[in-house]
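Line by line, the protein sequences are chains A and B. Following our numbering from start to finish, the first sequence increments by one per residue and tops out at 178. Following our numbering from start to finish, the second sequence increments by one per residue and tops out at 472. Ideal Cβ positions, reconstructed from N, Cα and C, are used throughout, including at glycine. All figures in this text were calculated on a predicted structure; none of them were measured in a lab.
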Amino acid sequence: MVDGNPGDLVDRARAGDKRAFEELLRPVIGSAARLAFGMVQDREEAEDVVQEASLKAWRHLGMLREGSQFSSWFFGIVANECRSVLRRPWRRVLRFSDAPWTGSTTVTTEFSRNADLRHALMALTNKERAAILLHFYMDQPLDQVAASLQLSVAGVKSRINRALRKLRPALRHPVEF
Amino acid sequence: MGIKEELDEALQVDGFPRSTLLLGVMARLDQRTPDATPWKALAGVAVVMLLGVAVAIIRFAHVAPVWPADHQPPVSLAFAQGGLLSYRFVSSQVGWVRVFETDGRTVIARTSDAGKHWERQLEIDGLSPNTPAKFLSASVALVIGQQRGDPRQGSPGAGFPITIWITMDGGAHWKSRPVPADAGYLISADFVDATHGWLLSRAPESNNAAQSSTVLIYATQDGAQHWTRVAGSETSSALAGADMKVRLNFISQTTGWITSENLTGNSQLYVTRDAGRSWQAQHLPPIGDAGPPSRIHIDVPTFFSPDEGAITVTQLCVCPAPTAAGLSTPDASCQFPSKLFVLSTRDGGRTWSAPRRIGVNATVAFQNSRRWIAVGASGISTSQDAGASWSVARPLPLPSGWTPFALDAIDRNQVWVSIREGVPPFVLNTGPPRSGPINWHFVGTPPKFELITTVDSGAHWEEVPLGGLG
Numbered sequence: 002m003v004d005g006n007p008g009d010l011v012d013r014a015r016a017g018d019k020r021a022f023e024e025l026l027r028p029v030i031g032s033a034a035r036l037a038f039g040m041v042q043d044r045e046e047a048e049d050v051v052q053e054a055s056l057k058a059w060r061h062l063g064m065l066r067e068g069s070q071f072s073s074w075f076f077g078i079v080a081n082e083c084r085s086v087l088r089r090p091w092r093r094v095l096r097f098s099d100a101p102w103t104g105s106t107t108v109t110t111e112f113s114r115n116a117d118l119r120h121a122l123m124a125l126t127n128k129e130r131a132a133i134l135l136h137f138y139m140d141q142p143l144d145q146v147a148a149s150l151q152l153s154v155a156g157v158k159s160r161i162n163r164a165l166r167k168l169r170p171a172l173r174h175p176v177e178f
Numbered sequence: 003m004g005i006k007e008e009l010d011e012a013l014q015v016d017g018f019p020r021s022t023l024l025l026g027v028m029a030r031l032d033q034r035t036p037d038a039t040p041w042k043a044l045a046g047v048a049v050v051m052l053l054g055v056a057v058a059i060i061r062f063a064h065v066a067p068v069w070p071a072d073h074q075p076p077v078s079l080a081f082a083q084g085g086l087l088s089y090r091f092v093s094s095q096v097g098w099v100r101v102f103e104t105d106g107r108t109v110i111a112r113t114s115d116a117g118k119h120w121e122r123q124l125e126i127d128g129l130s131p132n133t134p135a136k137f138l139s140a141s142v143a144l145v146i147g148q149q150r151g152d153p154r155q156g157s158p159g160a161g162f163p164i165t166i167w168i169t170m171d172g173g174a175h176w177k178s179r180p181v182p183a184d185a186g187y188l189i190s191a192d193f194v195d196a197t198h199g200w201l202l203s204r205a206p207e208s209n210n211a212a213q214s215s216t217v218l219i220y221a222t223q224d225g226a227q228h229w230t231r232v233a234g235s236e237t238s239s240a241l242a243g244a245d246m247k248v249r250l251n252f253i254s255q256t257t258g259w260i261t262s263e264n265l266t267g268n269s270q271l272y273v274t275r276d277a278g279r280s281w282q283a284q285h286l287p288p289i290g291d292a293g294p295p296s297r298i299h300i301d302v303p304t305f306f307s308p309d310e311g312a313i314t315v316t317q318l319c320v321c322p323a324p325t326a327a328g329l330s331t332p333d334a335s336c337q338f339p340s341k342l343f344v345l346s347t348r349d350g351g352r353t354w355s356a357p358r359r360i361g362v363n364a365t366v367a368f369q370n371s372r373r374w375i376a377v378g379a380s381g382i383s384t385s386q387d388a389g390a391s392w393s394v395a396r397p398l399p400l401p402s403g404w405t406p407f408a409l410d411a412i413d414r415n416q417v418w419v420s421i422r423e424g425v426p427p428f429v430l431n432t433g434p435p436r437s438g439p440i441n442w443h444f445v446g447t448p449p450k451f452e453l454i455t456t457v458d459s460g461a462h463w464e465e466v467p468l469g470g471l472g
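Here you go:
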């Protein structure tokens, strides 16, 4: 049994019980999709990432260490899969969604600012972006972020600090960290 | 407001339905076997590490100078067959191919192990080989075509029904959805995601070249369940021109382009920024030496970020042909590429740079605004500075008579190149046009096709076996 995971789901999943794996995935798959969307900013890609990450988790459950949380481990796989997606940038056509324009100045400004933040996020390194999203967007504590990204807590803090400096021009409110 | 709220606002997305995500995962899980013990997983890691070391050694050994072509044995092509129409790898492992079989079937196949094995996902009889297909992701793919069948009653010349085949689960299940009958003849189609798509078609009454400018634009916002006619020659002066509209391409839910050819063979580009409702000619700086004996072919734009994109433009040299008076006139049936240009944009295509002549005669793919890769007769080459300079071409070790014609790349190391033996394009016979089914088939000896791949920037190549397809 792996600590922090319900019952013996991990053990059963390791033994090939798909229902157990489904129960492991169920509470985290929605958050994983949000993380993937934040990382790649493309809904279809995000869904693909979650599917591929889930298959990798299934195949490599044996690598989940004793005492580790399935969710942190799985988010780490998702973040890695996002890196793979973003490393294949030979997209003939990049898909992106346009804003639902209403013609209002406020909406335009809001959209523009949001676009600034999205662009700024994409300009971060993969680990910086993952650290920001896991900690601030998905409320993961620093030690869990560290477990997901296979970094020390100090390493996570330093990446978040670096990322916040880079994001500052695109943020409306200063962030204390 | 804190950073969490700002992130929530910036990354707004409709909720991901957990049940659908789980369903997709569990369906694919059935094809896999877990590593049941840590030992197996560790063994896997060890193998990967050994492979990594091996690749690193190979790469280190060939960093420079360029691997001499004549030291590489030609890649073995044991499985080369006819009919590879298009392909796309959406990740390092997952790819799709569209193959036209000699019996007239179009086959869509998918690999999840970088091409070692292919699974047939869809077979359709009687589609034109020019049928568009869009492989959007590992899960989502679309085929848009006019299948053979009886012509529509009471509408002579209206052609055959346009149909969309769509899968959302990597090809395990497909749905076919018809397009309204008055859409006429399919010219081109594009989807930016699983729900938003457009059709460029020729009106049913314009069944000859003289009326070829009567074009229609249809759009769907629900995955091809419903289609709306959003524009046409009657509402748009840009679409009403005498030039033939040949290809449609969208980069977002609102912005797209159409390329056309006029009677002299030169291209024109049109743009929409309101989801296809209105179209304007896209202004571009003067390119190359348009006019006899040259033609300018403009490809649809490629975007690598919301703002940054590029257009490749090929200057085609038209062969001179002798006349009775002994003078030469252009022979429109014979042309070859003579110069390649790239225009770039940084404002979403509103303005375009002056054309940059590219010193390679090749197919170019873009990683971003600076990093490009090219494959041509002289081999594979990369540029780190937007085409200003290119690495020495690393020749492809192809058997005699084989030439590359398209490429797809995950990064500068992992590249797939389609190659062919024989002279394109293949000739097809459409059979009896209005009575009974159309029969598409090759006339004469069809060219052979194959995919080859490299994972080390072209130092080594191997065949991607399409055995059983084609």
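What does Pro-406 (chain B) pair with, by DSSP beta-bridge criteria?
DSSP output for Pro-406 (chain B) lists B:Ile-421 as bridge partner(s).
Measuring only the C-alpha atoms, how far is Ala-143 (chain B) from Phe-178 (chain A)?
Each residue's CA atom was taken as its position, placing Ala-143 (chain B) and Phe-178 (chain A) some 44 Å apart.
Under 8 Å by beta carbon: chain A residues contacting Ser-383 (chain B)
At a C-beta separation below 8 Å, Ser-383 (chain B) has no neighbours in chain A, since its nearest C-beta there lies roughly 15 Å away.
Does DSSP put Ile-454 (chain B) in a helix, a strand or coil?
It is a strand residue.
Name, in chain order, the residues that DSSP records as bridge partners for Arg-249 (chain B).
According to DSSP, which records beta bridges pairwise, Arg-249 (chain B) is partnered with B:Thr-261.
Do you know how far the Cα of Phe-193 (chain B) is from the Cα of Val-232 (chain B)?
About 15 Å.
Closest Cβ-Cβ distance between Val-29 (chain A) and chain B: below 7 Å?
Interface with chain B (7 Å Cβ-Cβ cutoff): Val-29 (chain A) is excluded.
Do Ala-132 (chain A) and Val-157 (chain A) have their CB atoms nearer than 7 Å?
Yes.
Quick one, which residues of the segment 36–49 of chain A are near chain B if we go by CB-CB under 7 Å, in chain order?
Against chain B - using a Cβ distance shorter than 7 Å - the residues of the segment 36–49 of chain A are Phe-38, Gly-39, Arg-44, Glu-45, Glu-46, Glu-48 and Asp-49.
Comparing alpha-carbon positions, which option in B:Trp-200, B:Ile-253, B:Val-394 and B:Thr-22 lies nearest Gly-460 (chain B)?
For the residues B:Trp-200, B:Ile-253, B:Val-394 and B:Thr-22, the minimum Cα distance to Gly-460 (chain B) belongs to B:Val-394.
Through-space distance from Val-181 (chain B) to His-228 (chain B), alpha-carbon basis:
Cα-Cα distance, rounded: 8 Å.
Contacts around Ser-32 (chain A), its chain only, beta-carbon distance under 8 Å, and the 5 residues preceding and following it disregarded:
Exclusion of the five residues before and after Ser-32 (chain A) leaves Ser-72, Phe-76 and Met-139 as the residues of its chain whose Cβ lies within less than 8 Å of its Cβ.
Proximity to Gly-311 (chain B) [Cα-Cα], best of B:Ile-298, B:Ala-196 and B:Arg-348
The shortest C-alpha separation from Gly-311 (chain B) is found at B:Arg-348.
Can you tell me whether Arg-160 (chain A) is buried or exposed? The criterion is at least 16 other CB atoms within 10 Å of its CB, across all chains shown.
Arg-160 (chain A) is buried by the Cβ-count criterion.
Nearest chain B C-beta to Gln-141 (chain A) closer than 7 Å, yes or no?
No, its Cβ sits nowhere closer than 7 Å to a Cβ of chain B.
Under 8 Å Cβ-Cβ, which residues of chain B neighbour Leu-172 (chain A)?
Those are Ile-5 and Glu-8, listed as they occur along chain B.
Can you name the residues that DSSP bridges to Pro-180 (chain B)?
According to DSSP, Pro-180 (chain B) bridges with B:Thr-165.
Figure out for me which residue from B:Arg-297, B:Asp-309, B:Ser-296 and B:Ile-313 has the closest Cα to the Cα of Pro-303 (chain B).
The closest CA to that of Pro-303 (chain B), considering only B:Arg-297, B:Asp-309, B:Ser-296 and B:Ile-313, is found on B:Ile-313.
Within this structure, are the beta carbons of Gly-278 (chain B) and Ala-191 (chain B) separated by less than 7 Å?
Result no, Cβ atoms of Gly-278 (chain B) and Ala-191 (chain B) do not sit closer than 7 Å.
Identify the contact partners of Leu-10 (chain A) in chain B, using a Cβ-Cβ distance below 9 Å as the criterion.
Under the 9 Å cutoff, chain B gives no residues; its nearest Cβ is about 13 Å from Leu-10 (chain A).
Could you have a look at Phe-97 (chain A) and say whether DSSP puts it in helix, strand or coil?
Note that Phe-97 (chain A) scores a pLDDT of 26, beneath 50, so its modelled location is shaky; the value from the coordinates is reported in the next line. Three-state DSSP puts Phe-97 (chain A) in a strand.
Excluding the 5 residues preceding and the 5 following Arg-114 (chain A) in the sequence, name in chain order all residues of the same chain whose CB lies nearer than 8 Å to its CB.
Residue placement at Arg-114 (chain A) cannot be trusted, given a pLDDT of 49 that sits under 50; what the coordinates show is reported in the next sentence. Beyond the five residues adjoining it in sequence on each side, Arg-114 (chain A) comes within less than 8 Å, by CB distance, of Ala-171 and Arg-173 in the same chain, given in chain order.
According to DSSP, is Gly-4 (chain B) part of a helix, a strand, or is it coil?
Secondary structure of Gly-4 (chain B) (DSSP, three-state): coil.
Just to confirm my understanding: we take Thr-257 (chain B), look at its own chain, exclude 5 residues before and 5 after, and list those with CB closer than 8 Å. What are they?
Taken in chain order, the residues that qualify are Val-273, Thr-274, Arg-275, Gly-350 and Gly-351.
Taking 7 Å as the threshold (C-beta atoms), are Phe-91 (chain B) and Asp-410 (chain B) in contact?
Inclusion of Asp-410 (chain B) and Phe-91 (chain B) in the CB contact set at 7 Å is warranted, their separation being smaller than that value.
Just tell me which of A:Ala-54, A:Arg-20 and A:Leu-152 has its CA closest to the CA of Ala-34 (chain A).
Closest in alpha carbon position to Ala-34 (chain A), among A:Ala-54, A:Arg-20 and A:Leu-152, is A:Ala-54.
At the level of alpha carbons, what is the spacing between Leu-150 (chain A) and Arg-66 (chain A)?
Roughly 14 Å between the two C-alpha positions.
Boundaries of the alpha helix (DSSP H) in which Glu-24 (chain A) is found, first to last residue:
Going by DSSP, Glu-24 (chain A) is part of the alpha helix (DSSP H) stretching over 19–41.
So what does DSSP say about Leu-150 (chain A), is it helix, strand or coil?
Here Leu-150 (chain A) sits in helix by DSSP.
Can you have a look at Val-198 (chain B) and say buried or exposed, based on whether 16 or more other CB atoms are within 10 angstroms of its CB?
For clarity, residue 198 (chain B) is His in the given sequence; the question names Val instead. If you draw a 10 Å sphere on the C-beta of His-198 (chain B), you find 16 or more other C-beta atoms in it, and that means buried.
Would DSSP call Ile-133 (chain A) helix, strand or coil?
Secondary structure at Ile-133 (chain A): helix, using DSSP grouped into helix, strand and coil.
Quickly, what does DSSP pair His-2 (chain B) with across the bridge? List them, please.
Any answer about residue 2 (chain B) is impossible in this case: the structure gives chain B only from 3 up to 472.
Comparing the C-beta of Gly-460 (chain B) with each C-beta of chain A, is any distance below 7 Å?
Chain A contact via Cβ: absent.
Where Gly-68 (chain A) and Ala-37 (chain A) are concerned, what is the direct C-alpha to C-alpha distance, given to the nearest angstrom?
So the alpha carbons of these two residues sit roughly 25 Å apart.
Using C-beta distances below 7 Å, list every residue in its chain close to Leu-13 (chain B), excluding the 5 sequence neighbours before and after it, in chain order.
Excluding sequence neighbours, Leu-13 (chain B) sits near nothing in its chain.
Buried or exposed by the 16-neighbour rule on C-beta atoms within 10 Å, applied to Gly-378 (chain B):
Classification of Gly-378 (chain B): buried, given that the 10 Å Cβ count is 16 or more.
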